[in-house]
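Protein chains in written order, with UniProt numbering: chain L, 1 to 649; chain P, 1 to 198.
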Amino acid sequence: MDFFERFAVPHPSFLIYASMVGIGLTMIAIVIGITYFKKWGYLWSEWLTTVDHKRIGIMYLLSALLMLFRGGVDAIMMRSQLALPDNTLLDSQHYNEIFTTHGVVMILFMAMPFIMFFFNFIVPLQIGARDVAFPRLNAISFWLFFMGMGLFNLSFIIGGSPDAGWTSYFPLAGNEFSSSVGTNYYMIAIQIAGIGTLLTGINFMTTILKMRAPGMTLMKMPMFTWSAFIANVIIVFAFPVLTVALAMGTMDRLFGTNFFTTVNGGMDMLWANLFWVWGHPEVYILILPAFGLYSEIISTFAKRNLYGYKSMVASMVLISLLSFFVWAHHFFTMGQGALTNSIFSITTMAIAVPTGVKIFNWLFTLWKGKIEFTTPMLYSMLFIPLFTLGGVTGVMLAMSAADYQYHNTMFLVAHFHNVIIPGVVYAMLAGLTYYWPKLFGFMLNEKLGKWTAWVLSIGFVLAFIPMYITGLDGQARRMYTYSESTGFGLLNMVSFVGAAIMAVGFVLLVYNIYYSTRYASRDISNDPWDARSLEWATHTPVPEYNFAITPQVNTTQPFWDSKKNGHQLFKGKIEKIHMPNNSGLPFIMGCFFFVFGFAMVFSMWPLVIIGLIGILACLAYRSFEKDHGRYISVEEIEETETKLRGAKQ
Amino acid sequence: MKVDNSLPLEYSTEENSLKILGFWIFLGAEIMLFATLFASYFTLVNRTGNGPTGAEIFEITPVLIETILLLTSSFTIGLGIHAMRIGNKKATMAFFFITLLLGAGFLGFEIFEFVHYVHVGATLQTSAFTAILLTTLGTHGLHVTFGFFWGLFILLQIKKRGLTRETANKSFIFSLYWHFLDVVWIFIFSFIYLKGMM
Ligand code: HEM
Ligand SMILES: [Cu+2]
Numbered sequence: 001m002d003f004f005e006r007f008a009v010p011h012p013s014f015l016i017y018a019s020m021v022g023i024g025l026t027m028i029a030i031v032i033g034i035t036y037f038k039k040w041g042y043l044w045s046e047w048l049t050t051v052d053h054k055r056i057g058i059m060y061l062l063s064a065l066l067m068l069f070r071g072g073v074d075a076i077m078m079r080s081q082l083a084l085p086d087n088t089l090l091d092s093q094h095y096n097e098i099f100t101t102h103g104v105v106m107i108l109f110m111a112m113p114f115i116m117f118f119f120n121f122i123v124p125l126q127i128g129a130r131d132v133a134f135p136r137l138n139a140i141s142f143w144l145f146f147m148g149m150g151l152f153n154l155s156f157i158i159g160g161s162p163d164a165g166w167t168s169y170f171p172l173a174g175n176e177f178s179s180s181v182g183t184n185y186y187m188i189a190i191q192i193a194g195i196g197t198l199l200t201g202i203n204f205m206t207t208i209l210k211m212r213a214p215g216m217t218l219m220k221m222p223m224f225t226w227s228a229f230i231a232n233v234i235i236v237f238a239f240p241v242l243t244v245a246l247a248m249g250t251m252d253r254l255f256g257t258n259f260f261t262t263v264n265g266g267m268d269m270l271w272a273n274l275f276w277v278w279g280h281p282e283v284y285i286l287i288l289p290a291f292g293l294y295s296e297i298i299s300t301f302a303k304r305n306l307y308g309y310k311s312m313v314a315s316m317v318l319i320s321l322l323s324f325f326v327w328a329h330h331f332f333t334m335g336q337g338a339l340t341n342s343i344f345s346i347t348t349m350a351i352a353v354p355t356g357v358k359i360f361n362w363l364f365t366l367w368k369g370k371i372e373f374t375t376p377m378l379y380s381m382l383f384i385p386l387f388t389l390g391g392v393t394g395v396m397l398a399m400s401a402a403d404y405q406y407h408n409t410m411f412l413v414a415h416f417h418n419v420i421i422p423g424v425v426y427a428m429l430a431g432l433t434y435y436w437p438k439l440f441g442f443m444l445n446e447k448l449g450k451w452t453a454w455v456l457s458i459g460f461v462l463a464f465i466p467m468y469i470t471g472l473d474g475q476a477r478r479m480y481t482y483s484e485s486t487g488f489g490l491l492n493m494v495s496f497v498g499a500a501i502m503a504v505g506f507v508l509l510v511y512n513i514y515y516s517t518r519y520a521s522r523d524i525s526n527d528p529w530d531a532r533s534l535e536w537a538t539h540t541p542v543p544e545y546n547f548a549i550t551p552q553v554n555t556t557q558p559f560w561d562s563k564k565n566g567h568q569l570f571k572g573k574i575e576k577i578h579m580p581n582n583s584g585l586p587f588i589m590g591c592f593f594f595v596f597g598f599a600m601v602f603s604m605w606p607l608v609i610i611g612l613i614g615i616l617a618c619l620a621y622r623s624f625e626k627d628h629g630r631y632i633s634v635e636e637i638e639e640t641e642t643k644l645r646g647a648k649q
Numbered sequence: 001m002k003v004d005n006s007l008p009l010e011y012s013t014e015e016n017s018l019k020i021l022g023f024w025i026f027l028g029a030e031i032m033l034f035a036t037l038f039a040s041y042f043t044l045v046n047r048t049g050n051g052p053t054g055a056e057i058f059e060i061t062p063v064l065i066e067t068i069l070l071l072t073s074s075f076t077i078g079l080g081i082h083a084m085r086i087g088n089k090k091a092t093m094a095f096f097f098i099t100l101l102l103g104a105g106f107l108g109f110e111i112f113e114f115v116h117y118v119h120v121g122a123t124l125q126t127s128a129f130t131a132i133l134l135t136t137l138g139t140h141g142l143h144v145t146f147g148f149f150w151g152l153f154i155l156l157q158i159k160k161r162g163l164t165r166e167t168a169n170k171s172f173i174f175s176l177y178w179h180f181l182d183v184v185w186i187f188i189f190s191f192i193y194l195k196g197m198m
């Protein structure tokens, strides 16, 4: 039985066993369900093998929502544990595991796929393209992400969760202090997902550089596409650093190297540096697309052209550059000299300037606009003040001398949630509501949507503002409990109530999806928000070729001009369209990556080799494969077009 | 598929030029990868623990041979692409073949070099310095190994299918990759070996 012992959870609890049973039953139910409804063929040919950017986008969205749930459960457990002093709901080991997986899941497996969903679904439509530059590679990106996510989420039921924090600092994350396989999962699952993300970066940079509709010069690109472009440039330059860091961490844990140990010359701070050289740009990879979405939404619902287009672009470029030169602000207290700290303080504070420029541009767009308070707009209006608060506390943290007081306290936790939730999460929810009709052909209920936004915001303020206070009073982060005499009890209880209210907000979101799916009118136009950019110029549902005729672009808002200023978007006649073929290879390769990763986690070398051979065989097959895609005939396109036009208007 | 015959074969379709641009961007990511390895190398180079230093284990002869082999192969792949441009299938294949042979020779010597390191007690586990040394060299070596098989597959495809738009495109992209590995080697040679031996 020795072989199987390694899969046991080292620090089990009733909850973990219950989750095991729950996950097992859900899996069985899914398999039975698909078999019963005879959907295997459909699943394979329409989803698992798809290379269509819209479908890949939807798969990213589903993964992100699933992970939002998983990370949210972690969050509620943490807040429940801290709600009372000396609470014993969770023990210290479980608390460690939970804050670790919460951070990783929320950043890498919730926020990342959420922005990937927007990249995939929106960017090709916004630039008037048929697909991304490399559709097959795009599917590989998705499946690598998906397998990495699957692997990471397996950790808590097979072999044990990682427990060294989402930052996984060494030597804590080394074998000596983290002896379970948990941190192996961290290193390898993130590696696999990260390679997928890197490939996405290459793909979207090429797409945006080369596949824009005629007339769309760089300075006429919609703002979301700009933000996507810059985020992908950051991905291409930041992710390789993570790749190397994780590879070195993996070698320390599995092969006994001494990169980050404290003996034989190892240097633990090297990990912290490499991690944040990737980590800080990563934060901007998340927030820039969010800024892009707000720009689209604010200009649509203020019924005005975006104010300061050029300064919006310039500030994003500047942010992306600066984001590579601030990483040491994450460890001001860890021993570098005053000079280094001062330099990094200044670069960090400098980021506030371009960010401020963007805030003012949004405000000026609103100024004299005919503002329409839809749900996406409500999120944007909540975003501006709340995010600004988070930015201001960020500048406080940027002062290295003062940071000795804030570092590793709840003040920090309050800060990054203050930027991530109103910044990234609201943008995701606003964007989801905004694009929902394009995705599914009906709108989400506005009344429920606004309720959700308000409930989430009230919950957010209650949950996180008190942490600023307890943090300043010295409550440390990542501590599983505190004693009554600290006096933190009341404010932590408030935080718990806030977290619970946020949970209600997310339930409302789910209910809204359910409610609108059942009752919302299917009789909506292709452009229900009276929007400005090209993604609204095609039909709903979007045909697989996106645009029957490639649109002509004259300004930053060609669709608006076609509605109001007589610009002719579609010139010429329909021609046959070249499309890529579906392929099972990305999925199969993803499966081999999973096998490889799982075997690595448990050091099962024969299986590692099998996984590797599988991956290489897929690559070799791809090299020899002849695949010239296929054509959609003019008749077929015309048929689709009349059908789609008939359904609406 | 739109074909533009005024451009060289490898650029002649939209798909082809997309692939070339995409590959350049990929090389950008590769630069970051090796830059990270170099930065880590410089950080750890003096952290030798109980293990040997670079000056104690580096041997100039195999390193020089490796350098000559790899630099020559970069030249021959260039000739191969030139032959492809003028449509000479035989010469293209011949130069590809020589390139791969040189690549294999490089790998042979690198393996020999690694065996030597292990013999003198500089293993992956010895110290932070040996770990980053072997990791940096190994990453480059793995790239060359990968490139060897990739190039071999392309060679086989040229043989079977001739110089088509696809094979020309693949060969050209492969040549970019191969040149890039050469550039990385020049950095390794100057900043790891030469600097280490001084
Ligand atoms: C209902 C919403 C949320 C609540 C109540 C919540 C609560 C918490 C708590 C209590 C911690 C750990 C504090 C400690 O170290 O003891 C934490 C950490 C963290 N959270 Fe959240 N969170 C929420 C949403 C999110 C979201 C949406 C994201 C990201 C998109 C996120 C990202 C993180 C990260 C990165 C950490 C740091 C983990 C670490 O350093 O170990 N959280 N959160
Ligand atoms: Cu940062």
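Cβ atoms here follow ideal geometry from the backbone N, Cα and C, with glycine treated the same way. Predicted model only: the values in this text are computed from it and were never measured.
Own chain partners of residue i with C-beta closer than 7 Å, once the 5 adjacent residues on each side are dropped
| i | result |
| --- | --- |
| L:Ile384 | Ile359 and Trp362 |
| L:Ile574 | Ala548, Ile549, Val634, Ile637 and Glu638 |
| L:Gly629 | His578, Met579, Pro580 and Asn581 |
Residue i versus residue j: straight-line alpha-carbon distance, rounded
| i | j | result |
| --- | --- | --- |
| L:Ala290 | L:Trp276 | 21 Å |
| P:Glu26 | L:Val236 | Looking at the sequence shown, residue 26 of chain P is not Glu but Phe. For P:Phe26 and L:Val236, the distance between alpha carbons rounds to 8 Å. |
| P:Leu18 | L:Phe7 | 45 Å |
| L:His102 | P:Trp178 | 42 Å |
| P:Leu134 | L:Leu462 | 52 Å |
| L:Tyr468 | L:Phe411 | 4 Å |
| P:Leu124 | L:Leu274 | 20 Å |
| L:Gly22 | P:Val115 | 51 Å |
| L:Val181 | L:Ile613 | 24 Å |
| L:Thr340 | L:Leu270 | 16 Å |
Per-residue burial, residue i [other beta carbons within 10 Å of its own, 16 or more giving buried]
| i | result |
| --- | --- |
| L:Thr250 | buried |
| L:Gly71 | buried |
| P:Leu7 | exposed |
| P:Ser4 | A small correction: the amino acid at residue 4 of chain P is Asp; Ser does not occupy that position in the sequence shown. Its Cβ having fewer than 16 others within 10 Å, P:Asp4 is exposed. |
| L:Trp529 | buried |
| L:Gln649 | At L:Gln649 the pLDDT is 41, less than 50, meaning the model places this residue with poor confidence; the figure from the coordinates comes in the next sentence. Looking at its Cβ environment, which holds fewer than 16 other Cβ atoms inside 10 Å, L:Gln649 is exposed. |
| P:Ile60 | exposed |
| L:Ser299 | buried |
Neighbourhood of residue i by C-beta, 6 Å cutoff - its chain only, sequence neighbours within 5 removed
| i | result |
| --- | --- |
| L:Pro354 | Ser315, Leu318 and Ile319 |
| L:Pro376 | Ile297, Ala430, Thr433 and Tyr434 |
Cβ of residue i within 9 Å of any chain P Cβ
| i | result |
| --- | --- |
| L:Pro289 | no |
| L:Leu270 | yes |
| L:Ser623 | yes |
| L:Pro586 | no |
| L:Ile202 | yes |
| L:Thr26 | no |
Own chain residues within Cβ distance below 8 Å of residue i, not counting five before or after
| i | result |
| --- | --- |
| L:Ala29 | none |
Helix, strand or coil at residue i according to DSSP, with G and I counted as helix
| i | result |
| --- | --- |
| P:Ala29 | helix |
| P:Thr139 | helix |
| P:Val3 | strand |
| L:Thr257 | coil |
| residue 655 of chain L | Because residue 655 of chain L is not part of the residues shown, which for chain L are 1 to 649, the question remains open. |
| L:Gln649 | Unreliable placement is indicated for L:Gln649, whose pLDDT of 41 sits below 50; the coordinate value is still reported in the next sentence. If DSSP states are grouped into helix, strand and coil, L:Gln649 belongs with coil. |
| L:Tyr631 | strand |
| P:Thr13 | strand |
| L:Thr243 | helix |
Residue i at chain L interface by Cβ criterion, 9 Å
| i | result |
| --- | --- |
| P:Gly49 | yes |
| P:Gly28 | yes |
| P:Trp178 | no |
| P:Gly141 | no |
| P:Gly147 | no |
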